[in-house]
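Under full-length UniProt numbering, the first residue of the sequence shown is numbered 1, with each subsequent residue one higher. In this text, a Cβ means the ideal position worked out from N, Cα and C, and glycines have one as well. Keep in mind the model is a prediction, meaning the values are calculated, not measured.
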Amino acid sequence: MKLILTADVTGLGGPGDIVEVKDGYGRNYLLPRGLAIVATKGATKQVEVIRRAQDTRRVRDLDHAKEIKATLEGLGSVTLKAKSATGSKKLFGSVTSSDVVSAVRAAGGPTLDKRSVEIAGHIKTLGKHSVNVRLHPEVTVALSVEVASV
Numbered sequence: 001m002k003l004i005l006t007a008d009v010t011g012l013g014g015p016g017d018i019v020e021v022k023d024g025y026g027r028n029y030l031l032p033r034g035l036a037i038v039a040t041k042g043a044t045k046q047v048e049v050i051r052r053a054q055d056t057r058r059v060r061d062l063d064h065a066k067e068i069k070a071t072l073e074g075l076g077s078v079t080l081k082a083k084s085a086t087g088s089k090k091l092f093g094s095v096t097s098s099d100v101v102s103a104v105r106a107a108g109g110p111t112l113d114k115r116s117v118e119i120a121g122h123i124k125t126l127g128k129h130s131v132n133v134r135l136h137p138e139v140t141v142a143l144s145v146e147v148a149s150v
């Protein structure tokens, strides 16, 4: 099945790329999630428009991503409040990427997309943890998150 990607798909390509995938993967995963459209003659013409727009955005986004990186590095450690068991370091549940985005915003940082926050494993304990924020394919920031009890 020939598809045109409309978003970044890990291991497959970026927006505007024409890819050949198995029918089930395209029909059951990529198309329902809006990550791709079927490659038709009209859609292939749109690919050129998408690529031109992507090229102009990439330069602007790279500079903007570097600015956001500097802002995030200036924050230092971000404190996040979570419920924990009394007398224990274990949390009730775990810290999600949405929680990290809210904590960054509350600390005076920029508004981030929760999909750009990469948490290695699950954060289920109090203390300092490292979280990666992927702002751009070329720009990644390691952010220190301190989880404190409510």
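Cβ shell of residue i (< 7 Å), same chain only, five flanking positions each side left out
i: T6; result: P15, G34, L35, A36 and I37
Three-state class that DSSP yields for residue i in the structure shown
i: G16; result: coil
i: V139; result: strand
i: L35; result: coil
i: I119; result: coil
i: A70; result: helix
Buried versus exposed, by CB contacts within 10 Å (16 or more), residue i
i: H129; result: buried
i: D113; result: exposed
i: G26; result: buried
i: A65; result: buried
i: A103; result: buried
i: A82; result: buried
i: S84; result: buried
i: V49; result: exposed
i: V95; result: buried
i: V9; result: buried
i: V150; result: exposed
Pairwise C-alpha distance: residue j and residue i
i: I119; j: S97; result: 7 Å
i: T140; j: N132; result: 7 Å
i: K41; j: V47; result: 10 Å
i: L75; j: V100; result: 13 Å
i: A148; j: T111; result: 22 Å
i: residue 155; j: I68; result: The question about residue 155 has no answer, for the chain in this structure spans 1 to 150.
i: T79; j: I18; result: 43 Å
i: E73; j: G109; result: 10 Å
i: G93; j: A43; result: 44 Å
Neighbourhood of residue i by C-beta distance below 8 Å, restricted to the same chain and skipping five residues each side
i: L62; result: H136, E138 and V139
i: D23; result: M1
i: L12; result: L5, V19 and V21
Inter-residue CB distance, residue i and residue j (contact presumed, cutoff 8 Å)
i: S116; j: R134; result: 5 Å
Neighbourhood of residue i by C-beta distance below 6 Å, restricted to the same chain and skipping five residues each side
i: S77; result: S144 and E146
i: K124; result: L91 and S94
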